[in-house]
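Peer 1:
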Amino acid sequence: MTERLLIKALSGGKNTKIITLNGKKITKMPSAIGKLPGLKTLALQNNLIPKVCPELCNLTQLTTLNLGNNLLEEVPEEMKYLISLKNLHLSGNRICRFAPGACDGLQNLILLNLNNNHLTQLPQEVSRLKSLTYMSINYNQLASIPRELCFLENLSELQLNYNQLICIPEEIKFLKKLQKLLLARNNIGVLPKELCNLKKLRILDIAGNIIQIFPSGFQDLKLREFYCEGNPLFLQWPEIAKQQENVWSLQEITSRFVINHLAENNPFLMDAMEWYPEIRSIISRRQTCAICGQYFITIWLECVQFVPPPKNWKISKNLQLVPVRVLVCSYKCFTQRDPNLFGIARV
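Quick note: the sequence shown uses my numbering, first residue 2, plus one each step.
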C-alpha cells in the first residue's frame with residue numbers, strides 16, 4: 002500500500018503537493034521524496050521512523066511537516082534546509098536535543114509542536130525562529146527557559162505545561178505580542194514583575210505550581226482567563242509587619258535625590274552622570290513604591306495586598322482574592338495605609 006502511494010506521488014513529479022502516509026508502520030523515511038521538489042505537505046505521523054533521510058533537504062518548498070509519534074531522538078540538522086517550512090509537528094517522539102544548526106534556515110516557521118518528548122533544555126539558537134507564533138513544549142523535562150526564547154517578538158502562544166520549570170526569566174517582558182501563556186504543573190515559586198508588562202496577555206495558566214503571591218501590578222493585566230488552582234496562595238490575612246530600621250543611609254538619601262532630579266531632566270545631573278558610571282549602576286537598581294510612587298534603592302518593606310480579581314477574568318473556582326506583592330519604600334508609607342490590608346510576604 003505504501004509503495005503504491007509513493008509510485009502515484011512520483012508519477013506526479015513536480016505537480017505532487019501532498020503526501021500522507023500516516024500509521025503505515027514505516028520504519029524508514031522514503032528517500033524517494035527527494036524527487037518531489039514541489040512538495041508542500043508531508044505527513045508521516047504514527048510510524049516507526051528513527052531519523053529523517055538526507056533527501057529531505059531537497060524539499061525547499063515544503064510548508065508543513067508532520068513527524069509526530071515516531072522514534073526521532075533529535076530535531077535533525079536537515080530542518081535548516083526547509084526554508085519555506087511554516088508548520089513543524091514533532092510531538093510524541095523521543096527528542097532530547099536539537100542538532101547543531103537545526104534552526105538556521107527556519108526563518109518562516111510559524112508553528113512548532115514538541116509536546117511529549119524528552120527535552121531538558123532548549124538551545125540558544127531558538128532565537129533564530131523569527132517568525133514563530135505558536136510554540137508548544139508540554140510534557141517534557143525543561144528546567145529553565147532560555148532568555149533567547151524571549152526575543153521571539155512574534156510569539157503569540159507559548160505552552161510549557163508539565164515540565165520542571167522553577168522560574169521565568171525577566172526577559173519575558175520582551176514578548177510584547179504574547180496572548181496565551183500556559184505554565185501549569187511546574188515548580189515555579191515566583192512570577193517575575195516583568196510579566197505585568199505583557200499588555201496583550203489574555204490567557205494565563207499557572208495551576209499546580211508553588212506560587213504564594215503575585216507581583217505588583219498583576220491585577221492590572223487585561224486577562225480573560227486565569228487559572229491558579231493547586232498553588233499555596235495566601236488564604237488568610239498575614240500578620241502585620243513589625244517596624245524595621247527607619248534611618249536611611251547617606252547613599253539611600255543621595256540616590257533618591259539624584260533619581261528624582263533625573264526624572265525632572267535636571268541638565269546638571271544628566272551631564273554629571275556621564276562621568277560617574279558607578280552611580281548609574283546604583284540607581285539602575287531602583288524600585289518604585291506601590292503607595293507613594295517615589296523611587297527607592299534599599300529601604301523597603303515587602304507586603305501583601307489582597308485585591309479582588311477583575312470581574313471580566315474567567316478564573317479558577319473559589320478564587321475570591323488575589324494576593325499581590327507590594328514594595329513599600331519606608332515605614333511611613335506603610336503606616337499611612339489600613340493595616341488590615343497588608344502583611345509581610347512569606348518569601
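Using N, Cα and C, we set each Cβ at its ideal position, and we do this for glycine too.
#1: Compute the beta-carbon to beta-carbon distance between Lys315 and Glu226, rounded to the nearest angstrom, for a pair I have assumed lies under 8 Å.
#2: In its own chain, which residues sit with a C-beta less than 6 Å from the C-beta of Leu159, not counting the 5 before and 5 after it?
#3: Lys87 and Ile424 - do their beta-carbons sit closer together than 7 Å?
#4: Mind checking who Gln159 pairs with in its DSSP beta bridge?
#5: Using 8 Å as the Cβ pair cut-off and three pairs as the minimum, do the segment 74-81 and the segment 97-116 touch?
#6: Quick check: the Cα distance between Thr21 and Asn210, rounded to an integer number of angstroms?
#7: Could you check whether Pro324 and Ile358 sit closer than 7 Å to each other, using their CB atoms as the reference points?
#8: Would you report the Cα separation of Pro233 and Phe219, rounded to the nearest angstrom?
#9: Over what stretch of residues does the beta strand (DSSP E) that includes Arg129 continue unbroken?
#10: Touch check for the segment 182-192 and the segment 280-296: three-plus C-beta pairs under 8 Å?
#11: In this structure, what does DSSP give as the bridge partners for Tyr228?
#12: Given this structure, state the Cα-to-Cα distance separating Asp206 from Leu224, to the nearest angstrom.
#13: Taking all protein chains shown into account, decide if Trp301 is buried (16 or more other Cβ within 10 angstroms of its Cβ) or exposed.
#14: Which value, in whole angstroms, describes the spacing of the CA atoms of Gln252 and Ile260?
#15: Determine the direct distance from the alpha carbon of Met30 to that of Pro124, and round the result to whole angstroms.
#16: Grab me the residues of Tyr228's own chain with a C-beta within less than 8 Å of its C-beta, minus the 5 sequence neighbours each way, in chain order.
#17: For Thr255, does the three-state DSSP call read helix, strand or coil?
#18: Out of Cys54, Gln46, Lys25 and Ser282, which has the shortest C-alpha to C-alpha gap to Lys36?
#19: Sort Ser256, Asn266 and Gln306 by Cα distance to Ser285 and report the nearest one.
#20: Taking the alpha-carbon of Leu113 as reference, which of Thr121, Gly190, Val127 and Gln122 has the nearest alpha-carbon?
#21: Would Leu40 and Leu66 be called neighbours here (beta carbons separated by less than 7 Å)?
#22: Sorted by chain position, which residues of the same chain lie with C-beta nearer than 8 Å to Cys97's C-beta, five sequence neighbours on each side aside?
#23: Straight-line CA distance for Cys58 to Phe235?
#24: Since Lys131 contacts Ser157 with CB under 8 Å, what's their CB separation in whole angstroms?
#25: For Gln197, which residues from the same chain have a beta carbon less than 8 Å from its beta carbon, with the 5 sequence-adjacent residues on both sides left out?
#26: Taking the alpha-carbon of Gln321 as reference, which of Asn16, Asn313 and Val308 has the nearest alpha-carbon?
#27: Can you give me the C-alpha to C-alpha distance between Leu115 and Leu91, rounded to a whole angstrom?
#28: As a quick exercise: from Tyr277, Ile173, Lys201 and Ile169, pick the residue whose alpha carbon is nearest that of Ile212.
#29: Which residue marks the beginning of the beta strand (DSSP E) containing Ala103, and which one marks its end?
#30: Would you give the residue range spanned by the beta strand (DSSP E) that Pro324 belongs to?
Peer 2: Working from what's here:
#1: 4 Å
#2: Met136 and Leu182
#3: The chain is shown only over 2 to 348; residue 424 falls outside these bounds and no answer can be derived.
#4: The displayed chain sequence assigns Leu, not Gln, to residue 159. DSSP, once it has assigned bridges, lists Met136 and Leu182 as partnering Leu159.
#5: yes
#6: 40 Å
#7: The chain is shown only over 2 to 348; residue 358 falls outside these bounds and no answer can be derived.
#8: 17 Å
#9: Element bounds for Arg129: n/a, residue is neither H nor E.
#10: no
#11: Asp206
#12: 11 Å
#13: buried
#14: 12 Å
#15: 26 Å
#16: Ala185, Leu205, Asp206, Ile207, Ala208, Ile316 and Ser317
#17: helix
#18: Cys54
#19: Ser256
#20: Val127
#21: no
#22: Glu74, Glu75, Asn118, His119, Leu120 and Thr121
#23: 54 Å
#24: Not confirmed; about 14 Å, so no contact.
#25: With the sequence shown as reference, residue 197 is identified as Cys, and Gln is not the correct amino acid for it. Same-chain partners within the cutoff: Pro216, Ser217, Gly218, Phe219, Asp221 and Leu222.
#26: Val308
#27: 5 Å
#28: Ile169
#29: Segment: none, Ala103 is in no beta strand (DSSP E) and carries neither H nor E.
#30: Val323 to Val329
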